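Visitor:
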Amino acid sequence: SQQGEEDPQALSIQEGENATMNCSYKTSINNLQWYRQNSGRGLVHLILIRSNEREKHSGRLRVTLDTSKKSSSLLITASRAADTASYFCATLLVQGAQKLVFGQGTRLTINP
Amino acid sequence: EAEVAQSPRYKITEKSQAVAFWCDPISGHATLYWYRQILGQGPELLVQFQDESVVDDSQLPKDRFSAERLKGVDSTLKIQPAELGDSAMYLCASSPTRGIYGYTFGSGTRLTVV
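Here is the structure:
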């Protein structure tokens, strides 16, 4: 079952520009996490935002969470070629075995 | 920096054969997860362990898939018999405890069934 949906599915920008990716989800969450995946590799945890938090920063990353709209956004500022990757949001469900459910991802390409 | 170890990195097998994947989580991490990722999609949870116990295997195709974590440390995921539709990346992840921390993923095993 699909919990998170990222938008856009693909994004291509010039190096130095900011990249914004959005994530919407359906059911109540404990927290929301963002991961990066380089082609053919495992996922790397970027940032975690709890359901009672509205904004969080880590280096060039800024994450917002709006639980009333069941949505989150990931902003990468001053993008670099090395930021080229797929980005996934994942939601930790409140109920059951606390399953972390991933969306389909946004494919980000940074052009030099 | 501590890593989640997975092997093999790549595996090609014929349909109807058995295949197994191994994962060694970060030392001290009580929770271990197996995810399957089909090309172009997000990872899907197959099974979640807390120490040696399965806490969620609702998406594991139990007629052909099995997973174990006998001593609560490393884990093995097995497929028997493999089908063409099993071709995917199999990812293992671990965390200190359920939910409140981000997961550390291994590099995955790329399975191709021919």
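Line by line, the protein sequences give chains A and B.
At position 52 of the first sequence (counting the first as 1) the number is 148 in my numbering, and the numbers step up by one without a gap.
At position 84 of the second sequence (counting the first as 1) the number is 75 in my numbering, and the numbers step up by one without a gap.
Ideal placement from N, C-alpha and C gives every residue a C-beta, glycine not left out.
Note that the structure is predicted; figures quoted are calculated from it, not measured.
Could you tell me the distance, in whole angstroms, from the CA atom of ARG55 of chain B to the CA atom of ALA73 of chain B?
Guide: In this model, ARG55 of chain B and ALA73 of chain B are separated by some 8 Å (Cα to Cα).
Visitor: At 4 residues or longer, what runs of the alpha helix (DSSP H) sit wholly inside the stretch 103 to 191 of chain A?
Guide: none
Visitor: Return the residue from the list A:GLU151, A:ARG132, A:ALA115 that minimises the CA-CA distance to GLY199 of chain A.
Guide: A:ARG132
Visitor: Can you list, in chain order, the residues of the stretch 21 to 48 of chain B whose Cβ is nearer than 7 Å to any Cβ on chain A?
Guide: GLN32, GLY33, PRO34, LEU36, GLN39, VAL46, ASP47
Visitor: Less than 7 Å separating the beta-carbons of ASN126 of chain A and VAL197 of chain A?
Guide: no
Visitor: Measuring straight from C-alpha to C-alpha, what distance separates PRO119 of chain B and TYR26 of chain B?
Guide: Because chain B here runs from -8 to 105, residue 119 of chain B falls outside it and cannot be looked at.
Visitor: Quick check: the Cα distance between SER97 of chain A and ASN207 of chain A, rounded to an integer number of angstroms?
Guide: Low per-residue confidence applies at SER97 of chain A: pLDDT is 48, beneath 50, and the placement is therefore not dependable, though the value from the model is reported in the following sentence. Straight-line Cα distance between these residues: approximately 34 Å.
Visitor: From this set, A:GLU111, A:SER147, A:ALA174, A:ILE143, which residue's C-alpha is nearest VAL159 of chain A's C-alpha?
Guide: The residue among A:GLU111, A:SER147, A:ALA174, A:ILE143 with its C-alpha nearest the C-alpha of VAL159 of chain A is A:ILE143.
Visitor: Taking C-alpha atoms, which residue in B:SER44, B:ASP42, B:ASP15, B:ARG60 lies nearest to PHE96 of chain B?
Guide: B:ASP15
Visitor: Is any beta-carbon of chain B found at less than 7 Å from that of LEU170 of chain A?
Guide: no
Visitor: Go through its chain and collect everything with a Cβ distance to GLY99 of chain B's Cβ below 7 Å, but skip five positions before and after it.
Guide: GLN(-3), MET80, TYR81, LEU82
Visitor: Consider the Cβ of LEU204 of chain A: report whether some Cβ of chain B lies at a distance smaller than 7 Å.
Guide: no
Visitor: How far does the beta strand (DSSP E) with ALA84 of chain B in it reach, from first residue to last?
Guide: 79 to 86
Visitor: Answer yes or no: does any C-beta atom of chain B fall closer than 7 Å to that of PRO141 of chain A?
Guide: A quick correction: the sequence has His, not Pro, at residue 141 of chain A. Yes, HIS141 of chain A lies at the interface with chain B (some Cβ there is under 7 Å from its Cβ).
Visitor: Quick check: ARG0 of chain B and LEU23 of chain B, are their CB atoms within less than 7 Å of each other?
Guide: no
Visitor: With a CB to CB cut of under 7 Å and the five nearest residues on each side skipped, what residues in its chain are close to THR88 of chain B?
Guide: ALA21, THR22
Visitor: Going by DSSP, what residue range makes up the beta strand (DSSP E) through VAL38 of chain B?
Guide: 35 to 41
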